[in-house]
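With the sequence shown counted from 1, adding 2 to any position gets you our numbering. Each residue gets a CB set at the ideal place from its N, CA and C atoms; glycine is no exception.
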Amino acid sequence: MRTVIGGATALATAAVTALAIVPSAHALSTNGEFNYAEALQDSMLFYAIQRSGQLPPDNPVDWRGDSDLSDGSDHGVNLTGGYHDAGDLVKFGLPEAYSMTMLAWGLVDYGQGYSAAGQTQAALSNLRWGDDYILSAFTGPTTFYGQVGDASTDHSYWGPAETNPNTRPSYAITASCAGADLAGEAASALAASSVAFKTADPKYSAQLVTQAQSLWSFANNYRGKYSDCITGAQSYYTSYSGYWDEIVQGAIWLYRATGTASWLNTAESDYANLPLASQSTLHEYSWTINWDDVSYADYILLAELTGQAQYVGDAERFLDWWTTGVNGSKVSYSPGGEAFLDQWGSLRYSADAAFAALEFSDYLTSNSLDATRAATYHSFAVGQINYILGDNPNHESYEVGFTNGGANSKWPQFPHHSTAHDPWSNNLSTPAQTRHLAYGLLVGGPTSANDAFTDDRTQYQYTEGALDYNALFSGALARLTQQYGGTVAANFPKAELPDGPQEYVQAAINNQGSNFIEIKALINNQSAWPARPMPNASFRYYFTLDAGESAAQVTLQSSYNQCQAPSAPTQYSGSTYYITVSCSNLDLEPDGEADYTNIDYQAQVQFRLTFPAAHNPAEDWSFQGIPTTTNATPVTVGDIPLYSGNTLVWGSAPSNTTRPGTPGALAASAVTSTGATLSWTASTAGGNALAGYDVYTSAGTLVGTVNASTTSYKVSGLNPNRTAPYGYFVTAVDTQGESSAASNVAQFITSGNTSLTASASTAPSAPGTPLASSVGGSGATLTWSASTPGSSAVSGYDVYQLSPTPKLIATTAATATSYSLTGLAAGTGYAYEVAALDSAGRISPVLQAAAFTTLASGASPSPSASASASPSASASASPSASPSQSPSASPSPSASPSASSTGSGGGKCVATYTLASSWPGGFQASVTIANNGSTAINGWTIKWTFPGDQKIGQLWSAGYTQSGEQVTATNLSYNGTIAPGSSVNFGFTGSYTNSDASPTSFTVNGAGCP
3 MRTVIGGATA LATAAVTALA IVPSAHALST NGEFNYAEAL QDSMLFYAIQ RSGQLPPDNP
63 VDWRGDSDLS DGSDHGVNLT GGYHDAGDLV KFGLPEAYSM TMLAWGLVDY GQGYSAAGQT
123 QAALSNLRWG DDYILSAFTG PTTFYGQVGD ASTDHSYWGP AETNPNTRPS YAITASCAGA
183 DLAGEAASAL AASSVAFKTA DPKYSAQLVT QAQSLWSFAN NYRGKYSDCI TGAQSYYTSY
243 SGYWDEIVQG AIWLYRATGT ASWLNTAESD YANLPLASQS TLHEYSWTIN WDDVSYADYI
303 LLAELTGQAQ YVGDAERFLD WWTTGVNGSK VSYSPGGEAF LDQWGSLRYS ADAAFAALEF
363 SDYLTSNSLD ATRAATYHSF AVGQINYILG DNPNHESYEV GFTNGGANSK WPQFPHHSTA
423 HDPWSNNLST PAQTRHLAYG LLVGGPTSAN DAFTDDRTQY QYTEGALDYN ALFSGALARL
483 TQQYGGTVAA NFPKAELPDG PQEYVQAAIN NQGSNFIEIK ALINNQSAWP ARPMPNASFR
543 YYFTLDAGES AAQVTLQSSY NQCQAPSAPT QYSGSTYYIT VSCSNLDLEP DGEADYTNID
603 YQAQVQFRLT FPAAHNPAED WSFQGIPTTT NATPVTVGDI PLYSGNTLVW GSAPSNTTRP
663 GTPGALAASA VTSTGATLSW TASTAGGNAL AGYDVYTSAG TLVGTVNAST TSYKVSGLNP
723 NRTAPYGYFV TAVDTQGESS AASNVAQFIT SGNTSLTASA STAPSAPGTP LASSVGGSGA
783 TLTWSASTPG SSAVSGYDVY QLSPTPKLIA TTAATATSYS LTGLAAGTGY AYEVAALDSA
843 GRISPVLQAA AFTTLASGAS PSPSASASAS PSASASASPS ASPSQSPSAS PSPSASPSAS
903 STGSGGGKCV ATYTLASSWP GGFQASVTIA NNGSTAINGW TIKWTFPGDQ KIGQLWSAGY
963 TQSGEQVTAT NLSYNGTIAP GSSVNFGFTG SYTNSDASPT SFTVNGAGCP
């Protein structure tokens, strides 16, 4: 929460006195001893962190997603885009427009510094994001929207921007409720930006200056203070100084943008209306440039343009007050050397004054004027920026993330920034750590002239930042980079390591008896990379019936349920069934618990399965990893799979199969000012049939789902003023919820007012759903589908362990699509994510996590993943067949069971028998039938005779009978056709007494498959 005090009260009125040395107990360094280029790089990223709206394809912040996508809908206008003001989520128009003006000023006058730091494009992107929003807010000749979001409501929510549950009203100034200060500042922002874009994007530059002139006319014709109209801003950004300072500034920048003399004449004519110092005929001088009062910028800009004494005198008086004093009065200095103006954002003010001092020092120097003042102002500015970067008694950078070329690791750890904190709890204390590094955020700093700083998230005067804090700070950094140089960080920003599972399931036993089990399940959404909703969430609990039992004999009860009633059992394969619990009645997102209607970060479901006879839950797939004692604390489990819609986001079903192929050649066509049509080439089915396609924004927001036969999607409702590209990608999803790797990102621009083409740099696509196979007591294998390259080649994959301990496990080669996990603990839940990296250091989105439970000591191995055909595409189709976990009472396997294969072939078919694992008295095997002929096999029956005394206990992906050692297996309804060059696979577990020797000959459809 912020309360900002603007305006200035003069402390004295007098002529400039003689220059003197600024006293302080700590002599600040006035040399270029810091890495200003890195600090500028950080500051540019801060603006990317603050973005609202649908993020562009080149979004560099992996923990930020789309937000506020319905802004303006209460008035039928599109106000998406722009920036969140500070640590909270309101879009305040006046400080936002001010920030764009000042960013543009720094870029225009110190472009060489931006270029030397490689930050020109980042600065232009930041301006474009803010300017597009200003264009959107100017919906008519006399209507400008100056705020989105109610500050009081907003400040009652402490959570990620991406899942903000509040309605966001919008407020405008009009002819009947004027705000010349706001409109004038918006005109300044567009005019200053038009100068910045004149070469980089001439078409956009022309649009900006045209709209700037219209906004200035609106301001000039309808004068009034915006905060008298948009009253919700009064407690935060009241306009104390009035509107003349913005009107003058707007005319100055329109002159710089157009060269038309009448604009300069207007600025000079209106200059006399600027605020005066208290009880004086002098213009005010005892404050600095700030979001409320830009008079101080007007002094400098007009002095530079005209050289007239009145403007030069006002500028010098202002800067003397910050350095040598005016008639014995000047800004306060802390013992450590901070020029301290006010308790609210003290470092913001010293940075603003530093930029002004550098700007005017350069003017004096370039015109051979007053070398003494020029040197004083320059030394003051360097000292204040150095104080911020670490030359202070705390030896701490007050710009978050600034390492000074690797020499510094101390900066505020608890900034007052809700999205950087990214809590799921809707409070400032849970979790204790700040989950993200908010690079570039300039905190408010000391609240008194004593250098004391408290790193406390709840004390926002110390630790909050804001758009305006970084605006002129960035310009000062560019100026110092221009003079002293510096080196930016490579592959910046570094990808962050998730701090644990994001969307996941926990479970424990509520109660149990010989023939029933009652489970407490917790469905959690603690997502933060980025935070995201989990629409239409559901989970499945798999169990296995004993011989002679039927699903109709199982009764299901739920004594407590925040979701919907569990479904009746659905057959998965053979005697394996599952129940589904849908939580579509809730918005499961990280916004607290019961703080908002039907919105929770966690939902609890208690359900009881009662069987017709004694039942051992250890034989059930979904029971693995659940504590065996009643009323234990729920633990994270991997074998209760969790879905968002039809897409698997967590966990493992009993059988994992080959993922669908990646949809190809995604492209946008029929682009209009508010939408486009996306089209792609169809995915190929993997081990299961396709269920459909999910369409996402480039930041990972699900926008729509289509069925498997549809390969296009229309997006609509986009912002017609947006000159930054929109981006989308598509994934294919099968009937088990397993996803393909994401397609390429298709880009397009809705506005015609730009020379820019939709070719933003993009990260690699999300790899396919990571799947775990060969799960044993100490290891497993992760596999995934290869990522689609973005703007640069894929350089490898990061394998992250989410639980039990978050850490980076490995970075693989670019060609890898699997990784062997070793050294795992028996009977323990594990979870992993896989992200693709490229040669430029960008990282892919991550959409799903693989989770599983290793075998308990002494347990038999569960069946490995088998690639098998699936039912026809349907959103509600049952998963392909697969067994449950083997009973825990089974003997343990050998330390490293080796798979062996026997096969015969020739002619049309090849049958291969694979003994996957064997242990005393038990085994697991599979059979693959491959069609090497030129015509399809339509329906199949395979027969063989075991040479040993094996008895099949459970078989999946086929029907079977066994008489003695003779086995007959037949296709199911969905996998009867084997196309030329294709194969089917089925698997089974069984027992033996003397031998589990593998068969060597088979017949298929009565003919030898030898």
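Any non-hydrogen atom of the ligand GTP closer than 8 Å to residue i Cβ
i, result
"Ala615", "What this structure holds is no ligand at all, so the ligand GTP is not there to describe."
Cutoff 6 Å; reference residue i; Cβ partners in own chain excluding five residues on either side
i, result
"Asp998", "Ser920, Phe925, Gly950, Gln952"
"Asn275", "Trp246"
"Arg481", "Tyr112, Gly115, Leu360"
"Ala877", "Note that Ala877 has pLDDT 30, beneath the 50 cutoff, so the model's placement of it is unreliable and the number below is only indicative. For Ala877, where only same-chain residues beyond five positions count, the Cβ hits under 6 Å are Asn648, Ala693."
"Leu547", "Ser577"
"Asn526", "Tyr506, Gln604"
"Ser675", "Pro722, Thr752"
"Ala816", "Val796, Ser797, Gly798"
"Leu304", "Tyr313"
Supposed close pair residue i, residue j - CB separation, criterion 8 Å
i, j, result
"Ala198", "Val296", "The pair is not a contact, with the Cβ atoms about 18 Å apart (cut-off 8 Å)."
"Gly640", "Gly831", "5 Å"
"Leu974", "Gly961", "6 Å"
"Gly442", "Leu96", "Actually they do not touch by this definition, with Cβ atoms about 22 Å apart."
Beta-carbon spacing of residue i, residue j below 9 Å
i, j, result
"Ser797", "Leu839", "yes"
"Arg542", "Ala655", "yes"
"Asp393", "Gly477", "no"
"Ala440", "Ile845", "no"
"Glu248", "Ser190", "yes"
"Gly74", "Trp131", "no"
"Ile232", "Tyr173", "yes"
"Ile954", "Gln964", "yes"
"Gly244", "Lys227", "yes"
"Glu187", "Thr103", "yes"
"Leu804", "Tyr834", "yes"
"Ala765", "Thr421", "no"
"Val732", "Pro772", "no"
"Leu210", "Ile254", "no"
"Ser646", "Pro727", "no"
"Val333", "Ser288", "yes"
"His77", "Ser54", "no"
"Val929", "Asn987", "yes"
Residues of its chain near residue i, where Cβ-Cβ distance is below 8 Å and the 5 sequence neighbours each way are ignored
i, result
"Pro1001", "Thr904, Tyr915, Trp946, Thr947, Phe948, Pro949"
"Arg820", "The displayed chain sequence assigns Ser, not Arg, to residue 820. Only Thr783, Leu784, Thr785, Trp786 meet the Cβ criterion."
"Ala29", "Gly339"
Cβ-based neighbour list, residue i, same chain, cut-off 7 Å, excluding 5 preceding and 5 following
i, result
"Gly1010", "none"
"Ser138", "Asn80, Leu81, Gly83, Asn721, Asn723"
"Ala185", "Phe146, Ile175, Leu217, Phe220, Ala221"
Beta carbon proximity, residue i to chain B, threshold 9 Å
i, result
"Thr456", "Among the chains of the structure shown, chain B does not appear; only one protein chain is present."
**Prompt:** Enumerated in chain order, which unbroken segments of the alpha helix (DSSP H) with a length of 4 residues or greater are wholly contained in the stretch 468 to 536?
**Reply:** 469 to 486
**Message:** As an exercise, report each continuous beta strand (DSSP E) stretch of at least 3 residues that is fully enclosed by the stretch 621 to 658, in chain order.
**Reply:** 637 to 639, 644 to 646, 649 to 652
**Message:** For the structure I just gave you, are there three or more beta carbon pairs, one from the stretch 488 to 502 and one from the stretch 585 to 601, closer than 8 Å?
**Reply:** no
**Prompt:** Contact between the stretch 746 to 765 and the stretch 634 to 649: three or more CB pairs below 8 Å?
**Reply:** no
**Message:** Three Cβ pairs or more, each shorter than 8 Å: is that satisfied between the stretch 613 to 621 and the stretch 178 to 189?
**Reply:** no
**Asked** Quick check: the stretch 506 to 520 against the stretch 58 to 65, are there 3 or more CB pairs under 8 Å?
**Response** no
**Asked** Which whole runs of the alpha helix (DSSP H) in the stretch 147 to 233 are 4 residues long or more, in chain order?
**Response** 153 to 156, 182 to 198, 204 to 223
**At least 3 beta-carbon pairs within less than 8 Å: the stretch 301 to 318 vs the stretch 424 to 436** = no
**Segments assigned alpha helix (DSSP H), at least 4 residues, entirely inside the stretch 91 to 154** = 95 to 111, 113 to 118, 122 to 139
**Length-filtered (3 minimum) beta strand (DSSP E) runs lying within the stretch 533 to 593** = 539 to 546, 557 to 563, 572 to 575, 578 to 584
**Message:** With three or more C-beta pairs closer than 8 Å as the rule, is the stretch 740 to 751 touching the stretch 665 to 672?
**Reply:** yes
**Message:** Under 8 Å, with one C-beta from each stretch per pair, do the stretch 337 to 355 and the stretch 455 to 471 reach the 3-pair mark?
**Reply:** yes
**Message:** Quick check: the stretch 569 to 585 against the stretch 400 to 412, are at least 3 beta-carbon pairs closer than 8 Å?
**Reply:** no
**Message:** With three or more C-beta pairs closer than 8 Å as the rule, is the stretch 30 to 43 touching the stretch 117 to 127?
**Reply:** yes
**Entirely enclosed beta strand (DSSP E) segments - the stretch 767 to 833, minimum 3 residues** = 773 to 775, 782 to 785, 796 to 805, 809 to 813, 820 to 823
**Message:** Give the list of continuous alpha helix (DSSP H) stretches no shorter than 4 residues that lie fully inside the stretch 285 to 342.
**Reply:** 297 to 308, 311 to 324
**Prompt:** Below 8 Å, can you find three or more Cβ-Cβ pairs linking the stretch 368 to 376 to the stretch 409 to 420?
**Reply:** no
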